[in-house]
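**Q**
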Amino acid sequence: MRVEYINPFVESAVQILKETVSEDVKRGQLSLRSSIASMLGVVVIVGLAGQVSGRVIIDMDRQTALNIASRMNNEKLTEFDELTCATLTELANMITGKSVTKLHELGFQFDLTPPALLTGEKLQISDSKVETLVVPLELPEGKIEINVGIKEN
Amino acid sequence: MKASSDFPSINAKEADGLKPEGTPYKILIVDDSIFVKKQLSQILQSEQFDIIETAGDGEEAVEKYKEFYPNVDLVTMDITMPKMDGITALEKIMEFDKNAKVIMISALGKQELVKKSLLLGAKNYIVKPLDRKKVLERIVMVLKRT
Ligand SMILES: [Mg+2]
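Protein chains in written order, with this note's numbering: chain G, 3 to 155; chain S, 571 to 716.
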């Protein structure tokens, strides 16, 4: 996978998080993820299809997810109810929507699937066909990992 | 010396949600995300708009519009929704009432759909993330333009 694909996603995530959650977002080191990976506990998956295929996964632990959803609602949320889930999927929509606009400008054409939210203690993602790059983002609310796996068709 | 209350309050701005005669504008919010519904409701209610109803998909939106007509001043319309999308719902509302005021609420990356909706009669659009200033500006602009 070409590294240039991941940048629009990370830049968009940083911009949207700054606008909707916290001004203080620090970008960590890029790394390559192995084909079977453990997730932090709350993942939002958005699929990409078109000229390229693959997926973007936004991964965070449960408390971070609640902290972020609370910030976005200006209200303390303590459980994974409909509002918390709707808030997190909306966050993923905004991030991926912005990224796709940037990628369209670079000439890549593809569409997004609606976000799916999964939660669980021992979530694992396994995919041997698509290489995945990961960039962690640090916020006062906690750590978020942006996983991008894209393959050209 | 006069108490400040004797002066007309030139600084106290009228709430955006009130018509010149003082009654609130009536808004129908259409979105499948309860987060967005809540966000829009809070922004609009803080300016005294009257949220007459919310709908979670296009079918429901068309139904509610017809039910409340002519007592709806403006509709905020999400684009991606289950059952019937916002573009189709917009089309059906415009067929029913060619003077309907519909504002599209869109995520980035949907420029083509936004363009299409403007051609179909949407009066304006707002790109998410929503913030108070942006939402009120666009809505007031559409309501005041007759
Ligand atoms: Mg929607």
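Idealized CB from N, CA, C, for every residue including glycine.
Locate the alpha helix (DSSP H) running through residue 15(G), then write down its first and last residues.
**A** First-last of the alpha helix (DSSP H) with residue 15(G): 8-22.
**Q** Determine, using beta carbons only, whether residue 54(G) and residue 148(G) come nearer to each other than 7 Å.
**A** Not in contact: residue 54(G) and residue 148(G) (Cβ atoms no closer than 7 Å).
**Q** Report yes or no: is there a C-beta of chain G within less than 7 Å of the C-beta of residue 688(S)?
**A** So no, residue 688(S) is outside the interface.
**Q** Between residue 85(G) and chain S, is any beta-carbon pair separated by less than 7 Å?
**A** So yes, residue 85(G) belongs to the interface.
**Q** Does ligand 1 have a heavy atom nearer than 6 Å to the CB of residue 664(S)?
**A** No.
**Q** What residues in the segment 651-682 of chain S bring their beta carbon closer than 8 Å to a beta carbon of chain G?
**A** Under the 8 Å Cβ criterion, the segment 651-682 of chain S contributes 677, 678, 679, 680, 681.
**Q** What whole-angstrom Cβ distance do residue 59(G) and residue 93(G) have, given they're in contact under 8 Å?
**A** That pair is no contact at about 13 Å.
**Q** Measuring only between beta-carbons, confirm whether residue 96(G) sits less than 7 Å from chain S.
**A** Yes, because at least one Cβ of chain S sits closer than 7 Å to the Cβ of residue 96(G).
**Q** Which residue comes first and which comes last in the beta strand (DSSP E) that contains residue 695(S)?
**A** Counting along the chain, the beta strand (DSSP E) containing residue 695(S) begins and ends at 694-697.
**Q** So residue 743(S) packs on residue 613(S), CB below 8 Å; how close in whole Å?
**A** Look at the range of chain S in this structure, 571 to 716, and you will see that residue 743(S) is not part of it.
**Q** Closer than 7 Å, CB to CB, is residue 616(S) near chain B or not?
**A** Structure shown: chain B not included; protein chains present are G and S.
**Q** Name the residues in the segment 105-126 of chain G whose C-beta lies less than 8 Å from a C-beta of chain S; which are they?
**A** Going along the segment 105-126 of chain G in chain order, one finds 106, 114, 116 with a Cβ nearer than 8 Å to chain S.
**Q** Considering just the uninterrupted stretch of the beta strand (DSSP E) at residue 148(G), what are its terminal residues?
**A** Its beta strand (DSSP E) spans residues 144-154.
**Q** Of all the options 42(G), 41(G), 8(G), 40(G), which has the alpha carbon lying nearest to the alpha carbon of residue 29(G)?
**A** Taking only the C-alpha atoms, the option nearest residue 29(G) is 8(G).
**Q** Taking the DSSP output, what are the residues bridged to residue 676(S)?
**A** BP columns for residue 676(S) point to 697(S).
**Q** Taking CB distances under 7 Å as the criterion, tell me whether residue 603(S) reaches chain G.
**A** By this cut-off, residue 603(S) is an interface position.
**Q** Kindly identify the DSSP beta-bridge partner or partners of residue 138(G).
**A** 147(G).
**Q** Residue 653(S): which of 667(S), 686(S), 631(S) sits nearest, CA to CA?
**A** The shortest Cα separation from residue 653(S) among 667(S), 686(S), 631(S) belongs to 631(S).
**Q** Just tell me which of 50(G), 125(G), 67(G), 96(G) has its CA closest to the CA of residue 110(G).
**A** Here the closest residue by C-alpha is 50(G).
**Q** Between the segment 9-23 of chain G and chain S, which residues of the former have a C-beta closer than 8 Å to a C-beta of the latter?
**A** Those would be 18, 21, 22, in chain order.
**Q** For a contact meaning CB atoms closer than 8 Å, what does residue 606(S) contact in chain G?
**A** Correct list: 88, 92.
**Q** Answer yes or no: the CB of residue 602(S) versus the heavy atoms of ligand 1, is any distance below 6 Å?
**A** Within the cutoff, so yes.
**Q** Does any residue of chain S bring its CB to less than 7 Å from the CB of residue 99(G)?
**A** True, the Cβ-Cβ gap to chain S drops below 7 Å.
**Q** Provide the residue(s) that pair with residue 112(G) in DSSP beta bridges, ordered along the chain.
**A** In DSSP, residue 112(G) forms a bridge with 52(G).
**Q** So if I threshold CB-CB distances at 7 Å, which residues from the segment 687-710 of chain S count as touching chain G?
**A** Taking 7 Å as the Cβ-Cβ cut-off against chain G, the residues of the segment 687-710 of chain S that qualify are 698, 699.
**Q** When you measure from the CB of residue 648(S) to every non-hydrogen atom of ligand 1, does any distance come out below 6 Å?
**A** Yes - ligand 1 has a heavy atom lying nearer than 6 Å to the Cβ of residue 648(S).
**Q** Check residue 45(G) in the structure and name its three-state DSSP category.
**A** Strand, per DSSP.
**Q** What does residue 102(G) reach in chain S if we use C-beta pairs closer than 8 Å?
**A** Going along chain S in sequence order, the residues near residue 102(G) (Cβ under 8 Å) are 678, 679.
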